[in-house]
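S.K.: Numbering (my numbering), first residue to last: 879 to 1202.
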Amino acid sequence: MRARTLLPALAVLPAAALVLAGCSGSSASGAADDGKINIVASTNVYGDIASKIGGKDVEVTSLISSAAQDPHSYEASTQDQLSIKNADLVIENGGGYDPFIDTLLDAAKNESVEVVNVVDLSGLAPDDDHADEQHTDEAHAEDDAHDHIEGFNEHVWYSLPTMAKLADELAKELDELDSANATTYTANAKAFTESLGTIETAQAAIKTAHDGEGVAITEPVPLYLLEGAGLVNRTPEAFSEAIEEGTDVSPTVLKETLDLFGGGTVALLAYNEQTSGGETEQVKTAAENAGVPVLSFTETLPDGKDYLSWMTENVDAVADALDR
879 MRARTLLPAL
889 AVLPAAALVL
899 AGCSGSSASG
909 AADDGKINIV
919 ASTNVYGDIA
929 SKIGGKDVEV
939 TSLISSAAQD
949 PHSYEASTQD
959 QLSIKNADLV
969 IENGGGYDPF
979 IDTLLDAAKN
989 ESVEVVNVVD
999 LSGLAPDDDH
1009 ADEQHTDEAH
1019 AEDDAHDHIE
1029 GFNEHVWYSL
1039 PTMAKLADEL
1049 AKELDELDSA
1059 NATTYTANAK
1069 AFTESLGTIE
1079 TAQAAIKTAH
1089 DGEGVAITEP
1099 VPLYLLEGAG
1109 LVNRTPEAFS
1119 EAIEEGTDVS
1129 PTVLKETLDL
1139 FGGGTVALLA
1149 YNEQTSGGET
1159 EQVKTAAENA
1169 GVPVLSFTET
1179 LPDGKDYLSW
1189 MTENVDAVAD
1199 ALDR
């Protein structure tokens, strides 16, 4: 957890957003008018977890709130700016995944807001100094894909141990903001991590039965979950990297990827349905033609799901695919 250190605002938002940020209609910090703590999360994954820990005593706003929204190309709105301005606590993924949060924070000038950077909290990044790296307007204009730490998988919400850390961190922060309800926040975090433990037990059972088996991916989105189950990614790195960055896959790399499904090298394909394209469709078709199970994974919560039910279904789907 860190208090927000203000930097010069990046000129990414329209001028109206900056004017809106300067309005004085609402308090920039402290509990909401109804006494609830204002939490803003970059995605509904973190928003859901915050709601589980805070319960009825928090008001949570998730800026990316639907599976129909593409986090890779998200553009913040004036309403997002107002939400950040009035936030007591902000949850960002970090690692270059959601840099629009830093842009909003810089423009909001909310000096009292606390920020949880989940990549920093995870301890998974090879160099945490890069996790808060700011990006220029020119870089955003030239590259619609989100920038990320070189060689690092920033999709840390698929790491179950990291989400346990997040639950504990949120309980601590909410305690500082609202000590009267500290016991509730601690109990909610404990219940959440116990439920995570049940999912981790199922994940460990997969590892016991299938440790070292190969899988293919279109993007590294679910890799922490798969690796925690003892599975090994056999996909050429250049393929998933090109898909994630929105660049063309070379014919050689594409052939290497398609060939994975011909000789029993991989037991399943993990497919990111939110960023499908011609090349990923070819890979999906090759897997289906070879009888390799194709499992869909998303970057945000599917509609109607919460984090725990979502991860339970993901782990169960992996087990079912491998045990068939």
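Every residue, glycine too, gets a C-beta built ideally from N, C-alpha and C.
This one's a predicted model, so the numbers in the text were calculated from it and none came from an experiment.
To which residues of the same chain is Pro1114 closer than 8 Å at the C-beta, ignoring the five residues directly before and after it?
M.R.: Indexing the sequence shown from 1 puts residue 1114 at position 236. These residues qualify, in order along the chain: Val1131, Glu1134 and Thr1135.
S.K.: Buried or exposed: which applies to Val963, given that a residue is buried once 16 or more other Cβ atoms fall within 10 Å of its Cβ?
M.R.: The sequence position of residue 963 within the sequence shown is 85, counting from 1. Going by the sequence as given, residue 963 is Lys instead of Val. Answer is buried; the Cβ neighbour count reaches 16.
S.K.: Tell me whether Asp912 is buried or exposed, calling it buried when 16 or more other Cβ atoms sit within 10 Å of its Cβ.
M.R.: Within the sequence shown, the letter at position 34 stands for residue 912. Classification for Asp912: exposed.
S.K.: Tell me whether Val923 is buried or exposed, calling it buried when 16 or more other Cβ atoms sit within 10 Å of its Cβ.
M.R.: Position 45 of the sequence shown, counted from the start, is the residue given in the question as residue 923. Its Cβ being crowded by 16 or more others within 10 Å, Val923 is buried.
S.K.: Who are the near neighbours of Val997 in its chain, counting only those whose CB is closer than 7 Å to its CB and skipping five residues on each side?
M.R.: Working through the sequence shown from its first residue, we reach residue 997 at position 119. If we look at Val997 and ignore the five residues flanking it on each side, its Cβ neighbours are Asn971, Gly972, Gly973, Ala1003, Ala1009, Glu1032 and Val1034.
S.K.: In angstroms, rounded to a whole number, what distance separates the CA positions of Ala1045 and Ile927?
M.R.: Here the question's residue 1045 lines up with position 167 in the sequence shown. Here the question's residue 927 lines up with position 49 in the sequence shown. For Ala1045 and Ile927, the distance between alpha carbons rounds to 7 Å.
S.K.: So, at 6 Å on beta carbons, what are the nonlocal neighbours of Gly1106 in its own chain, with the 5 sequence-adjacent residues on each side left out?
M.R.: Sequence index remark: in the sequence shown, residue 1106 carries index 228 (1-based). Here the set comprises Gln1081.
S.K.: Just tell me which of Leu1101, Thr921, Ile917 and Asn1111 has its CA closest to the CA of Asp1181.
M.R.: If you number the sequence shown from 1, residue 1181 lands on position 303. Comparing Cα positions, the closest option is Thr921.
S.K.: My guess is that Glu1054 and Val994 are in contact by the Cβ rule of under 8 Å, so how many angstroms apart are they, rounded?
M.R.: Locating residue 1054 in the sequence shown gives position 176, where the first residue counts as 1. Locating residue 994 in the sequence shown gives position 116, where the first residue counts as 1. Actually they do not touch by this definition, with Cβ atoms about 12 Å apart.
S.K.: Measuring CB atoms only, is the region 1159-1178 touching the region 928-937, in the sense that at least three cross pairs come out at less than 8 Å?
M.R.: The region 1159-1178 vs the region 928-937: no contact.
S.K.: Can you look up Leu982 in the DSSP assignment and give me helix, strand or coil?
M.R.: As a first step, residue 982 is located in the sequence shown; it is residue number 104 there, counting from the start. Looking at Leu982 - three-state DSSP - the assignment turns out to be helix.
S.K.: Just verifying my parser: in three-state terms, what is the DSSP assignment at Leu1048?
M.R.: Taking the sequence shown and counting its residues from 1, the one referred to as residue 1048 is at position 170. Here Leu1048 sits in helix by DSSP.
S.K.: Mind the definition here: the region 950-969 touches the region 1069-1088 only if three or more C-beta pairs lie below 8 Å; say whether that holds.
M.R.: Judged by Cβ distances under 8 Å, the region 950-969 makes no contact with the region 1069-1088, as fewer than three pairs qualify.
S.K.: Could you spell out where the alpha helix (DSSP H) holding Thr1163 opens and where it closes?
M.R.: Residue 1163 sits at position 285 when you count from the first residue of the sequence shown. Gly1156 to Asn1167 is the extent of the alpha helix (DSSP H) around Thr1163.
S.K.: Would you mind giving the Cβ-Cβ distance between Ala1042 and Thr1071, rounded to the nearest angstrom? I have them listed as a contact below 8 Å.
M.R.: As a position in the sequence shown, residue 1042 is number 164, starting the count at 1. As a position in the sequence shown, residue 1071 is number 193, starting the count at 1. Confirmed, about 5 Å.
S.K.: Which term fits Leu983, buried or exposed, when burial requires 16 or more other beta carbons within 10 angstroms of its beta carbon?
M.R.: Here the question's residue 983 lines up with position 105 in the sequence shown. That one is buried.
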